[in-house]
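Taken in order, the sequence shown gives residues 0 to 495; the numbers are from numbering that gives the first Met the number 0.
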Amino acid sequence: MTTATAFAPTTGTQSVPTGLLIDGTWRDAADGRTFEVENPATGEVLSVIADGGPADADAALAAAVAAQQSWARTAPRTRSEILRRAYDLVMARQDWLAEIMTSEMGKPLAEAKGEVAYAAEFLRWFSEEAVRIGGDHTTTGDGTNRIIVTREPVGPCVLITPWNFPLAMGTRKIAPAVAAGCTMVLKPAAQTPLTSLALAAIMQEAGLPDGVLNVVNTTNAGAVVEPWMSSGKARKISFTGSTAVGKLLLKQAADAVMRSSMELGGNAPFIVCADADIDTAVDGAITAKMRNMGEACTAANRLYVHRSIADDFSERLAARMADMQVGNGLDEGVQVGPLIDAAGRDKVQRLVDDALSRGANALTGGTVPAGAGYFYPPTVLTDVSTDSDLMTTEIFGPVAPVVPFDDEDEVIRIANDTDWGLVGYVFSQDIDRAFDLSERLEVGMVGVNTGIVSNPAAPFGGVKQSGLGREGGKLGIDEFLEYKYLAVPRRRGASA
Ligand code: NAP
């Protein structure tokens, strides 16, 4: 295996480093193991990269721990400028990064370019936040002591990212950690490591010192992450992925009393009131459902539409979805790429079959097409029984189940009747109704007459089993900072 030591992006996945990044050096795995990264649209092997194990995990964490003290004392402006350079480099390489993402993950190229811009914006946003880390200064009630409150980096962080937004989920964690002065060990998803390796190379090029960001790709997540979690040296875990793995990591974090940020799964209700503008609602549904082929934690999972407009809405949505071009995301004009793998596609088909067996009707889609690639057609289901599995399971595919409702109390009750609470969507032209329903939804975010909520300037995150903490916005850096309070006596006898 050739491990890249120099970084010279041209085009395609061949110019992406293939090693582990440990203490500023691209290395083979200690035991020499490698694994293949595939294109889900074609099955083509894109690259063969190092497959890290426990020895690599130890080396990566040791590098992060060794770099922590000096990195924490780096001037905020220096950290800010590294992030700003990284933003410029990511945007200058937008086409290259988009091609890598589409190749290893499947999303259409136009969406991948959109993700690059979104991901880059976290670098720019936190370059601005790095120099705005404040504190507090008060006096004890009896006037004897000054209370000086400072903010300090929490320490070495474990970052774990999923495959569905490989670049943005990376920058949403790396950028605030850099801004706060934390060092990191990052484990990207095994299906999409190339994007993270390309990003790590860009961070190096932007001037990030050795050891601040260490990356360990692996096909054995537990063997790499568990040693980090039990080390007592990593002070924080920031995880984006499924609720099941998040719970496992929270249990591990409990043993070491680690700060924990969890961005987990969703089961988003999408509510269309009788007074909604139907075209706006259909546009919103296309965005909230079809972005990333439905493989998004923010995807509209349950579409509740007022009975008076449910047929009209469903027919218009089905017409739009049936018209979408499915294919290899690298091809011009494709709007719907493949799902990530066979298991992901089988799960979607099982959920659709279950709904159909309980009386649902497919207005469009509903069956796996013949041929190579893990493609699934855009699907709209009506007459969906509320006890269908897809009403309680994150679908993670391009399937829109439409359920009619009659009154607002009923729709709020069923929308909240779930363990998840990431995001909800409300469509109404009555501003009072829209606010009222938004306030009654048990979620961390609400899209009001819009199908997209994600923005680097906004606090992203959920309630209930959708997670802990917020990423992005003014709050994003707080996840990587601790408070320290200094008690400083005032001079006795000083005049007030
Ligand atoms: P996943 O299976 O939980 O994997 C996420 C990450 O955890 C991957 O890097 C995975 O590595 C790693 N992992 C798996 N088992 C682990 C273990 N025992 N210890 C430590 N790490 C482990 O989730 P996914 O299928 O990649 O992503 C989809 C999920 O992410 C969905 O539920 C989605 O809603 C959620 N998500 C949430 C947000 C949010 O912001 N709330 C954003 C995007 C996605 P491997 O790849 O090697 O398995």
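Virtual Cβ for every residue (Gly too), placed ideally from N, Cα, C.
Taking a C-beta distance under 8 Å as the contact criterion, VAL425 and ILE285 do not qualify as a contact pair. Scanning the segment 427-481 for uninterrupted beta strand (DSSP E) segments of 3 residues or longer gives 444-447, listed from N- to C-terminal end. Within the same chain, and ignoring the five residues on either side of LYS112 in sequence, the residues whose Cβ sits closer than 8 Å to its Cβ are GLN93, ASP94 and ALA97. Contact check between the segment 114-125 and the segment 162-178: three or more CB pairs, one atom from each, fall below 8 Å, which counts as touching. Judged by DSSP in its simplified three-state form, GLY423 adopts strand. Shown here for THR449: same chain residues with a beta carbon closer than 8 Å to its own, the five before and five after excluded, namely GLY283, THR286 and TYR424 in chain order.
Per DSSP, SER387 lies in no beta strand (DSSP E) segment and is marked neither H nor E.
ARG306 places its beta carbon 8 Å or farther from that of VAL281. In terms of Cβ geometry, ASP429 and ASP274 form a close pair [threshold 8 Å]. Counting along the chain, the unbroken beta strand (DSSP E) around ASN144 starts and ends at 144-152. The beta carbon of ILE339 lies closer than 8 Å to those of PRO39, MET104, GLY105, TRP162, ASN163, GLN190, GLU294 and TYR373 in the same chain, with the five residues before and after it left out.
For TYR373, there is no enclosing alpha helix (DSSP H), as DSSP marks it with neither H nor E. For PRO400, the enclosing beta strand (DSSP E) covers residues 398-404. A residue is called buried when at least 16 other Cβ atoms come within 10 angstroms of its Cβ; GLY180 meets this threshold and is buried. Pairwise C-beta distances place the segment 430-444 in contact with the segment 404-414, as three or more of them are shorter than 8 Å. Distance from TRP227 to LEU60 at the Cβ level is roughly 6 Å; contact confirmed, criterion being Cβ atoms closer than 8 Å.
Taking C-alpha positions only, PRO208 is separated from ASP135 by approximately 30 Å. Taking 7 Å as the cut-off, one finds at least one heavy atom of the ligand NAP near enough to the beta carbon of CYS296. In this structure the segment 42-50 does not lie against the segment 81-93, because fewer than three pairs of beta carbons, one per stretch, are closer than 8 Å. Note that the C-beta distance between ALA255 and SER229 is below 8 Å.
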